[in-house]
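K.L.:
Residue numbers (our numbering): 3 to 176.
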Amino acid sequence: MSQPLNPRRAVYAGSFDPVSLGHLDIIARGARMFERLIVGIGMNPEKHPLFTPQERLELLQSVSHHWPNVEVACFEGLTVSFVRRCGAAVMLRGLRTLTDIESEFSMTLANRALAHDIETVFLMASEKYSHISSSLIKQVALLGTDTANEPLEAFVPHEVIGMLRRKFKRDQPA
């Protein structure tokens with residue numbers, strides 16, 4: 003028999019490629035709402051991530067270490083299976099746009115069919131982060147001509163900027 007799921011424990015899953023200020027906003031708010039928040043870095047075989055799972059793990063641990071009730075882990079397979087292994091009764095999801103609402107609604111229905119005892123809780127992105135996406139971050143990192151950290155610091159935590167620059171080989175002096 004499996005362990006009962008804890009309603010005070012939540013999982014916030016995503017690819018986090020890279021972790022953004024919007025992700026950190028959801029993590030901070032989730033950490034206030036739940037006794038324990040597990041940030042799950044999913045391995046999606048359909049995506050070709052910029053950062054390795056280990057790099058994403060280290061970046062997320064670096065930017066979330068000051069929340070004592072937050073832990074970070076990588077997982078493969080279905081998110082609901084990971085949530086169950088964590089003993090959580092809640093999946094935390096962030097919503098940015100109307101498009102997110104449509105896709106998240108479909109995903110929630112599928113997850114409910116797979117695991118009726120796991121609830122999904124949605125948090126709307128703060129307005130200052132609702133435009134941030136991993137594709138936008140990667141485009142700015144690739145095409146930006148800045149020599150300082152601007153404009154990347156408007157999208158990602160400071161700890162991520164150096165790694166982004168190295169990925170796009172933009173850390174060499176001009």
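The beta-carbon is built from N, C-alpha and C at its ideal position, and this holds for glycine as well.
(1) To which residues of the same chain is Gln174 closer than 8 Å at the C-beta, ignoring the five residues directly before and after it?
(2) My understanding is that Asp27 touches Ser128, with C-beta atoms under 8 Å, so please give their C-beta distance in whole angstroms.
(3) Between the region 72–81 and the region 128–140, are three or more C-beta pairs nearer than 8 Å?
(4) So what's Asn46 in DSSP terms, helix, strand or just coil?
(5) By DSSP, does Leu39 sit in helix, in strand, or in coil?
(6) In this structure, how does DSSP classify Arg95 when only helix, strand and coil are distinguished?
(7) For Ser136, I'd like the list of residues in its chain whose CB is within less than 6 Å of its CB, leaving aside the five on either flank, ordered along the chain.
P.N.:
With the given structure in hand:
(1) Position 172 of the sequence shown, counting from 1, holds the residue named residue 174. Any reading at Gln174 needs caution, since the residue's pLDDT is 46, under 50, leaving its predicted position unreliable; the model's value is listed next. Around Gln174: no qualifying Cβ.
(2) The residue labelled residue 27 in the question sits at position 25 within the sequence shown. The residue labelled residue 128 in the question sits at position 126 within the sequence shown. Yes, they are in contact, since the Cβ atoms of Asp27 and Ser128 sit about 5 Å apart, within 8 Å.
(3) no
(4) Along the sequence shown, one-based indexing puts residue 46 at 44. Three-state result, Asn46: coil.
(5) Numbered from 1 along the sequence shown, position 37 holds the residue referred to as residue 39. Strand at Leu39.
(6) The sequence position of residue 95 within the sequence shown is 93, counting from 1. In the structure shown, Arg95 sits in a strand (DSSP, three-state: E or B).
(7) On the sequence shown, residue 136 is found 134 positions in, with the first residue counted as 1. A distance below 6 Å between beta-carbons, with the five flanking residues on each side excluded, links Ser136 to the following residues of its chain, in chain order: Asp19.
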